[in-house]
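Input: a single structure, listed below in structure tokens.
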Amino acid sequence: MSFFKMDELLKNKTFAVHAAAAAGSVALGTAITYPLDTLKVLIQVGSSTKKPLAVADVFYRVQVLSGYSGLYNGVGWLTLGRTLGLGVRFGVYELLTAFYKDGRADDNVHVSEALMAGLAAGMMECLVSSPFELIKLRTQVASASRVLNSQSIAEKSGVPPLVSRLLPRYSLDMTAMTNSLGLLSTLTTKQANMLDALKEYPWMMTGSGKPPAVSNVRMPSDIISLEGWGALWRGLRSGLVRDSIFCGIFFSSWQFLHQAMLNWKAVGMDPVPRYDNEVGPLSPIAVTLAAGVSGSFAAAASHGFDTTRSRSQCTVLPKYVSMERKYLKWSKPGKRFERLTGIHPADRNLLLNGIWLRVARCGLASSVIVHILFSSARLIIVALISLLAKINVTIGVKGHRTYVHSNLRYVSLEQLEFR
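Under the UniProt record's numbering, the first residue of the sequence shown carries the number 1, and numbering increases by one thereafter.
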């Protein structure tokens with residue numbers, strides 16, 4: 001069945017209303033649930049097997065170091081990434097389900113088909129949103145990190161050119177460098193000036209041999225300069241598994257609940273509806289609650305891979321270390337399943353940290369987004385009806401469906417329902 005011409009829709013601003021509603025729903029859902037995401041991330045990356053973190057401890061640390069505004073550090077990056085990611089998620093899902101529904105009289109999608117379409121949609125979403133998620137996560141970690149005072153860092157002039165090219169805004173920690181020189185002073189060396197020699201060695205750019213802290217490598221330019229472009233997609237394996245599981249379970253469970261609500265509403269109707277689109281639209285509250293339940297269930301099922309991805313993105317891996325591992329043919333630790341999904345063996349007992357925060361965040365965000373989109377769909381229906389009144393329409397009945405004929409094309413009124 002054909003829809004209206006694009007220019008006619010643009011004149012009535014229906015596409016603009018839908019796009020604005022989608023972006024607004026994502027922004028509002030992100031803003032409401034972002035503090036939960038910040039606490040969840042800090043618990044995931046800061047906990048250890050011997051020292052798990054509590055929500056109250058993390059909240060107190062952020063409040064002391066960054067204030068209450070620290071709970072919203074990086075919200076812009078997540079909003080941008082989620083807007084693009086959700087657009088890809090629902091776009092891919094609608095394309096695949098349209099292929100499944102092609103030729104069917106009832107336009108119904110089976111639960112198994114929704115699961116398969118959700119798996120593919122989640123993978124595509126991960127590829128798009130990964131860079132924004134990494135920058136967001138490191139900004140969140142910086143909100144709970146203590147900034148070194150001016151006495152413990154050297155002047156920018158003391159940073160060698162090699163280190164300046166790798167991390168332009170980094171200041172050398174002379175305290176750590178002095179301690180390293182003290183340990184190396186017992187060794188015989190031909191270097192007349194050990195300090196200058198160590199400054200030219202990239203592995204000693206922090207003075208201790210460790211990579212820079214995450215709080216120092218959080219801007220896009222710093223990440224690309226020190227770790228390379230590939231760092232923007234760090235933890236891609238665990239991210240693909242997480243998003244595919246989340247979207248697959250979300251869409252399949254939502255489709256199951258949606259079908260159950262349609263069947264419940266059809267009970268007692270006379271005559272009995274032959275197709276789902278004859279039942280009529282569902283209650284906005286019911287649709288919103290179904291989306292929240294589906295989002296929470298999907299978050300619980302995929303949380304282990306979310307923890308793995310967060311801990312992987314919180315690791316700073318400079319380019320020279322990556323190159324060294326490549327030349328040495330460094331093999332990843334863990335069992336085969338852990339290597340395929342990106343799980344580190346040391347994180348086996350930490351995979352469920354922060355699960356209830358993520359369940360609450362995903363459930364609430366899904367409810368907000370679906371509720372706003374549901375409301376905007378009704379506004380679009382009103383705009384389309386006003387468009388019909390301007391283009392000399394006639395209404396006719398064919399079978400069990402009502403069609404509107406105009407000087408443009410045919411359109412089914414059932415297509416205007418948001419189910």
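For every residue, glycine included, the Cβ atom is placed at its ideal position computed from N, Cα and C.
Spatial neighbours of T97 within its chain, please: CB distance less than 6 Å, with the 5 preceding and 5 following residues excluded, ordered by chain position. V109 and A117
Cutoff 6 Å; reference S294; Cβ partners in own chain excluding five residues on either side: F250, S253 and W254
So for residue 428, helix, strand or coil by DSSP? What the structure shows of the chain is the stretch from 1 to 419, and residue 428 is not part of that stretch, so it cannot be assessed.
What is the DSSP secondary structure of V217, counted as helix, strand or coil? coil
With a Cβ-Cβ cutoff of 8 Å, do D106 and D276 count as a contact? yes
To test your reading of the DSSP string, which unbroken alpha helix (DSSP H) runs of 4 or more residues are found completely within the stretch 66-122? 75-101
From Y170 to A291, what distance separates their C-alpha atoms? 45 Å
Cβ pair count under 8 Å reaching 3, the stretch 221-233 against the stretch 327-336: no
If you run the structure through DSSP and keep just helix, strand and coil, what is M323? helix
At the level of alpha carbons, what is the spacing between T30 and V75? 8 Å
Return yes when at least one heavy atom of the ligand SAH lies under 7 Å from the C-beta of T315, else no. In the structure shown, the ligand SAH is absent, as is every other ligand, since no ligand is present at all.
What are the start and end residues of the alpha helix (DSSP H) that includes S310? P284 to Q313
Might you give, ordered along the chain, the residues of its own chain that have their beta carbon closer than 6 Å to the beta carbon of T38, omitting 5 neighbours on each side? L71 and Q140
Check whether the Cβ atoms of I343 and S244 lie closer than 8 Å to each other. no
Can you grab the Cα-Cα spacing for the pair residue 489 / N263, in whole Å? There is no way to answer for residue 489, as the model of the chain reaches only from 1 to 419.
Top-ranked residue by Cα proximity to F59, from R138, G304, L36 and W77: L36
Please report the distance separating the alpha-carbon of Q44 from that of R104. 46 Å
Cα separation between L357 and I223? 28 Å
Within 8 Å, strictly: CB atoms of I372 and S129: no
Using a threshold of 8 Å, state whether the C-beta atoms of G248 and L115 are closer than that. yes
Taking its Cβ as the centre, do 16 or more other Cβ atoms sit within 10 Å of E125, making it buried, or is it exposed? buried
Whole-angstrom C-beta distance between R309 and R242, which should lie under 8 Å: 6 Å
Which term fits R138, buried or exposed, when burial requires 16 or more other beta carbons within 10 angstroms of its beta carbon? buried
CB-CB length for M261 against A299, believed under 8 Å: The Cβ separation is near 22 Å, so there is no contact.
Just to confirm, is the Cβ distance from L78 to S143 under 8 Å? no
Just the C-alpha distance for T49 and R311, rounded to the nearest angstrom, thanks. 14 Å
Within the continuous alpha helix (DSSP H) that includes A231, where are the two ends? No alpha helix (DSSP H) holds A231; DSSP gives it neither H nor E.
Identify, in the order they occur along the chain, each residue of the same chain with its Cβ nearer than 7 Å to the Cβ of S157, setting aside the five sequence neighbours on each side. Low confidence applies to S157: its pLDDT is 43, below 50, so where it sits in the model is not reliable enough to give any reading.
Cutting at 7 Å between CB atoms, please list the residues of its own chain near S47, excluding the five before and the five after it. L53, L350 and N353
Outcome for Y34 when other beta-carbon atoms lying within 10 angstroms are tallied against a minimum of 16: buried
Which of the three DSSP states is assigned to Y34 in this structure? helix
Could you give the DSSP three-state label for M261: helix, strand or coil? helix
Given a cut-off of 8 Å, decide if S145 and A56 are closer than it, judged by their beta-carbon atoms. no
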